[in-house]
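Residue numbers (our numbering), protein chains in the order written: chain A, 1 to 254; chain B, 1001 to 1397.
Glycine included, C-beta positions come from ideal geometry on N, C-alpha and C.
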Amino acid sequence: MIQVQNIRKEFELTKKQQKENNTTDKVALAVKDVSFECQPGRIFSLLGPNGAGKTTTLRMLAGILKPTQGSIRINDIDIQKNPNEAKKDIGFLTGSTGLYERLTANEIIEYFAKLYGVSKSDYEERKEHLYTLLGMHDFQEKRIGRLSTGMKQKVSIARTMIHDPKVVIFDEPTSGLDVITAENIIKLISDCKTQGKTVIFSSHIMSEVDLLCDDLAIIHKGKIVLRNTMQEFRDNMQTDSLTAEFIRVINENN
Amino acid sequence: MIFTIFKKELKDTLRDRRTIIAMIVVPVLVFPILLGLSTTVTKYFAEKQKEEVLNIAVISSDSDNQFTQRLSGMPEEMGPKTLVFREDTLGLKEEIQDDSIQLAFVIPSDFDAQQDSNQQSTIQVYHKGVNVGNKDRVRTYLSEIENSFLLERFDRLNLDKTLIEPINEEYIDISSRKEVIGKLAGGFLPYLFIIFGFIGCMYPAIDLFTGEKERKTLETLLTTPVPRWKILVGKMLVIVLSGIAAASFALLGMFVGLRVFDVASNPEIKAIIDGILTPTFILALLILLLPLTIFFAGIMIPATIYAKSFKEAQSVLTPVNFIIIMPTFVGFLPNIELDYTTAFIPIVNIVLATKEIVAGTIDPILMVISFMTMVAVAAISVLFSYKRFGKESNIIS
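So this is what it looks like as structure tokens:
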């Protein structure tokens, strides 16, 4: 479970950034007073236009960034107070995730399994399961630099799931991917739900949201402007499509 | 966990062509190539100079004067020559300019009479200053001829040659040969190690920090339950190892160059370098290199973590490289030694300590002070790195 309470994130601005942004403020507010909960076995979608604060929020959930204020609990562990303990339960995948180009798929998966403290027997078992599921056996010994985008994304998925995380964070996971590769990600997110994992994903592709999502929140200019279950969101729509409704909510809060 | 990160980073680094070139290929090859080229070129020009037949013009109204006779009689081993006799200097400068004549002696008409009456004669020598070798040949000829005239004068006047040499100095050098060469040539070694140590650290540092940021792998690494300091230490160890490896490969290159390819023609230098390559020297050097390379890693990490691209990191580190190299020139200065002041100056102390180790005159207390000073600055640089590595604006691209 993910519990987010009144988180706020400020970034210090350098003089150069102040000049570029034409401001005298010494800090930029990226996220303000954001609160929500993601339940196990449900998919929570964080929606918002570019620059709304989605990635910053998810990076705070993953423990990459520290909130300026507020609290985040991952399966009842406070990520600020005990980040390494909380991170053991998290899998993090983004559409732009990089991989070590000079290592093979096997070497990367083994490396991350070790970093997450996965035992040798568990590692072998999970690796076999993921490789079969994703069809990775054929290129497991190939260096990442020689793989196609789709193959690389499969390695990223295996890397994210090798420690069998209870909480999975996807930040625009299908962004820039071809249809077939994106389909693999959609299936993975769906499988996570079946397995009872807590899933949060950010996107601005409404068809994906429609297909996967149980709960949603729309974030705009760093603030949550709408939070609901998917069913209630559909029921209360004032327009005829999800995309149109999303745009309406954003415009209403401009 | 640190070892897991170290192992992975090392594997990744060793598969990077740029790092391999900076860490192994260049250090191993640069010394033998430089030494081989310089000795071959010097030897070639020295031989060429020695074998070159010089056209020497002798200008005098008396072509059979004593100077000309002695000049003609110079043995072939002192350099082959052809004498051309002239009565005046007309067109001489042009001929020297276009190299049809290389040297010209203008001998006074009363040269013989001056010599017979024990007077001094002035001989003008026309030459081209840019041809240094020709001037050297003239000096050899003149010294030989002058000496023969001098001896004749002493015989004629029935005098002893010691008359013009009232003091005969004898120097008794109590320094060992190793000490002399160590102090003179020892400055070169730290220059070699520091420059290669720095370059050896530079590419892995850029690759492991700026590169990871550029490739967006650092973000993934930071989502793992590994404390940041462990990630930093694991990466830093690879950078340090690369620096030490590059410096050691430079030493190996020097050894291979001198031993296997026999590029150093001077047997004395060869013997000294062989003498330097003892287990004690190598161990002492590694002890000094360890905090030095940690210091390099410590100052490179903040720069590479700050940079947003490989190019930016390179342009930030290039001036640092010059700043680091500057103190190594102290090693070439003859009168600066390792003492209770210089031992506290980072890098300078390493340079001077290496010189003392080469010379075999290192004071153990000064060695410990130098080492501890470097350990202290290395620790400060590591702390600084840790602080910068923890800064969110640096790690998120």
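Residue 203 of chain A and residue 183 of chain A do not touch by the CB rule: their CB atoms are close to 14 Å apart, not below 8 Å. One thing to note: residue 197 of chain A has its Cβ no nearer than 8 Å to the Cβ of residue 75 of chain A. Residue contact with chain B for residue 172 of chain A: absent (no Cβ-Cβ distance below 8 Å to any residue of chain B).
With a cutoff of 8 Å on beta-carbon distance, residue 216 of chain A and residue 233 of chain A are scored as near each other. The Cβ atoms of residue 1141 of chain B and residue 1071 of chain B lie closer than 8 Å to each other. Between residue 1004 of chain B and residue 1242 of chain B, the CB-CB gap reaches or exceeds 8 Å. Counting the other CB atoms within 10 Å of its CB gives residue 1091 of chain B a total below 16, which places it among the exposed residues. For the options A:235, A:85 and A:57, the alpha carbon positioned closest to that of residue 169 of chain A is the one of A:57. Contacts with chain B at 8 Å (Cβ-Cβ) do not include residue 223 of chain A. At a cut-off of 8 Å between C-beta atoms, residue 8 of chain A does not count as an interface residue with respect to chain B.
Relative to the Cα of residue 1381 of chain B, the nearest Cα in the group B:1291, B:1255 and B:1166 belongs to B:1291.
Relative to residue 61 of chain A, the option among A:163, A:1 and A:27 whose CA is nearest is A:1. Excluding residues up to 5 positions away in sequence, 8, 9 and 10 lie with their Cβ nearer than 7 Å to the Cβ of residue 68 of chain A in the same chain. Under DSSP, the beta-bridge partners assigned to residue 198 of chain A are A:167.
Under the Cβ distance rule, residue 131 of chain A does not count among the residues neighbouring chain B, no pair being separated by less than 8 Å.
The beta carbon of residue 1086 of chain B sits closer than 6 Å to the beta carbons of 1057 and 1059 from its chain, once the five residues preceding and following it are set aside; these are given in chain order.
Under the rule that a run must span 4 or more residues, the alpha helix (DSSP H) segments found entirely inside the stretch 1179-1243 of chain B read 1188-1205, 1212-1215 and 1218-1222. Following the DSSP letters along the chain, one finds residue 1126 of chain B inside the beta strand (DSSP E) bounded by residues 1124-1126. Taking the beta carbon of residue 1216 of chain B as reference, the chain A residues within 7 Å of it are 96, 97 and 98, listed in sequence order.
Our two residues, residue 1055 of chain B and residue 1041 of chain B, have alpha carbons roughly 25 Å apart in a direct line.
Judged by DSSP secondary structure, residue 1053 of chain B falls outside any beta strand (DSSP E); it is assigned neither H nor E. Each residue's CA atom was taken as its position, placing residue 1326 of chain B and residue 1195 of chain B some 10 Å apart.
Taking the Cα of residue 1390 of chain B as reference, the smallest distance to any Cα among B:1050, B:1229, B:1123 and B:1119 is reached at B:1229. Here residue 1370 of chain B is buried: its Cβ has 16 or more other Cβ atoms, across all protein chains shown, within 10 Å. DSSP, reduced to helix, strand and coil, places residue 1250 of chain B within a helical segment of the structure shown. The closest CA to that of residue 1311 of chain B, considering only B:1202, B:1138, B:1029 and B:1282, is found on B:1202.
Within chain A, the C-beta atoms nearer than 7 Å to that of residue 1015 of chain B come from 102, in chain order.
Listed in chain order, the beta strand (DSSP E) elements of length 3 or more contained wholly in the stretch 1366-1390 of chain B amount to none. Not a single CB atom of chain A sits nearer than 8 Å to the CB of residue 1190 of chain B. Per DSSP, the beta-bridge partners of residue 28 of chain A are A:11. Rounded to the nearest angstrom, the gap between the Cα atoms of residue 1238 of chain B and residue 1204 of chain B is 8 Å. Judged by pairs of C-beta atoms under 8 Å, the stretch 1010-1028 of chain B touches the stretch 1241-1255 of chain B, as three or more such pairs exist.
Look at residue 111 of chain A: its C-beta is under 8 Å from a C-beta on chain B. Fully contained in the stretch 1309-1369 of chain B are the following alpha helix (DSSP H) runs of length 4 or more, in chain order: 1310-1325 and 1348-1359.
At a cut-off of 8 Å, the C-beta of residue 1334 of chain B has no neighbouring C-beta in chain A. At least one C-beta of chain A is nearer than 8 Å to the C-beta of residue 1008 of chain B.
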